[in-house]
């Protein structure tokens, strides 16, 4: 079974572009140009050079000896936390701002949850001299204060959103409203593999550098270019989409998606979208979505701002529906303990999002000779206050 997007922007039954009429010109402009621009020699060279010289790629693939011993298998960490700005998000923002420049756009808007996409957007806007407005839920502004300060220092305008749950969903709603009101001069950088076509495919392509590097690095370290298990956290799912991309049709690789169970999958305070969600439409695409019997979106909850989203990217919905990926959910407490274990065993403080991927290592049973790659999507600087308070450090 192929997992590429089709011409109408669908992965199986999920995807598409369900958008207000006023946004059709923007989406059509992107849809008609993105593959042509991405495929051009000029774009590829600009993107490659900035990833290498500015973002710091390739990121290392590190064999975590003490975690490997703890779990009785071979664990490798793909160190996306070592990118400039501390997460995988910079891969996408470099790609999309280059895209915006090719399209002649001079005003950039973005939404952010954990703040990593906002920081990455503000960073590349500063680099290229473009105006930057970042929408962020008021709750996330409060719990991700270090990233808010970084965005402001980089020259971005940070707009707190007080509607709804005051988190990522609400920030995305406001960003879309802005785009509707400023359709001609504005480019909207979506931070994950969500939204209307062609965003899920475009962001996946920009993030696919992760799996491209994993293949080369694994071959060098182990003599074969694929792992037995590939583990990544999934909120919208861009780090996971990038880590999975070159393995989507390779059945030898078990794709493991880690979602946020919050206080427990059935607690009513959760963000375990793929496990609880039903097909619906959110932010321009058909996907799995947490909703009540009347189809109203149910507010998600997670200790992690980057996983606190009621939907999931359409690619991940299709992977889960077809059984190509196996979805596990980790609670707040499991994520906290997994973060502490990684920190104490390997001297690496992971982001709370990544901690959920580490937490599901307790839920899978790889063999002693098997290889597990965990995509370490971000570093934990932004979450230190939560760690200190919750772990009583």
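Residue numbers (this note's numbering): 2 to 394. Just so you know, even glycine gets a beta-carbon here, dropped at the ideal spot from N, CA and C. Keep in mind it's a predicted model, so treat the numbers as computed, not measured.
Identify the continuous beta strand (DSSP E) that holds residue i and give its terminal residues.
i	result
residue 326	326-332
residue 258	255-263
residue 92	It is not in any beta strand (DSSP E) - residue 92 instead sits in the alpha helix (DSSP H) that spans 90-103.
residue 132	132-138
residue 64	62-64
residue 231	230-234
residue 158	158-162
Can you find the residues in the same chain that come closer than 8 angstroms, C-beta to C-beta, to residue i, ignoring five residues on each side of it along the sequence?
i	result
residue 239	89, 90, 93, 192, 193, 194, 204, 205, 208, 314
residue 304	261, 263, 333, 336, 337, 353, 387, 391
residue 23	181, 184
residue 62	77, 78, 79, 80, 214, 215, 218, 219, 222, 374
Bridge partners for residue i per DSSP, in chain order?
i	result
residue 286	283
residue 80	377
residue 73	Answer is none; residue 73 lacks a bridge partner.
residue 312	290
residue 11	16
For the putative contact between residue i and residue j, defined by C-beta atoms under 8 angstroms, what is the C-beta separation to the nearest angstrom?
i	j	result
residue 265	residue 332	6 angstroms
residue 152	residue 119	5 angstroms
residue 215	residue 232	Going by Cβ atoms, the distance from residue 215 to residue 232 rounds to 12 angstroms, so no, they are not a contact pair.
residue 340	residue 381	7 angstroms
residue 180	residue 282	So it is not a contact: roughly 17 angstroms between Cβ atoms.
residue 306	residue 144	6 angstroms
residue 367	residue 359	That pair is no contact at about 14 angstroms.
residue 112	residue 169	7 angstroms
residue 318	residue 276	About 12 angstroms; that fails the 8 angstroms criterion.
residue 291	residue 299	4 angstroms
residue 383	residue 148	5 angstroms
Could you check where the alpha helix (DSSP H) with residue i kicks off and where it finishes?
i	result
residue 184	Where residue 184 is concerned, there is no enclosing alpha helix (DSSP H), given that its DSSP letter is neither H nor E.
residue 149	146-154
residue 194	No alpha helix (DSSP H) holds residue 194; DSSP gives it neither H nor E.
residue 39	25-40
residue 124	117-129
residue 56	From DSSP, residue 56 is part of no alpha helix (DSSP H); its letter is neither H nor E.
residue 359	353-360
residue 391	385-391
Give the secondary structure of residue i by DSSP, where H, G and I count as helix, E and B as strand, and everything else as coil.
i	result
residue 335	helix
residue 108	strand
residue 271	coil
residue 16	strand
residue 208	helix
residue 300	coil
residue 344	helix
residue 292	strand
residue 113	strand
residue 372	strand
residue 240	helix
residue 250	coil
residue 266	coil
residue 317	helix
residue 364	coil
residue 382	helix
residue 199	coil
residue 223	helix
residue 217	helix
residue 143	helix
residue 5	coil
residue 394	coil
residue 349	coil
residue 174	helix
residue 167	coil
residue 323	helix
Looking only at its chain, what residues have a beta carbon closer than 7 angstroms to the beta carbon of residue i, apart from the 5 residues adjacent to it on each side?
i	result
residue 46	none
residue 28	18, 20, 197
residue 171	138, 162, 164, 165
residue 11	17
residue 173	112, 284
residue 48	95, 96, 99
residue 253	227
residue 249	4
residue 369	73, 74
Please work out which residues of its chain come closer than 6 angstroms, Cβ to Cβ, to residue i, disregarding the five sequence neighbours upstream and downstream, and give them in chain order.
i	result
residue 349	343
residue 95	51, 125
residue 188	101, 106, 109
residue 160	136
residue 59	214
residue 86	120, 121, 124
residue 371	74, 229
residue 226	216, 219, 220
residue 103	38
Would a check of beta-carbon distances place residue i closer than 8 angstroms to chain B?
i	result
residue 288	Structure shown: chain B not included; a single protein chain is present.
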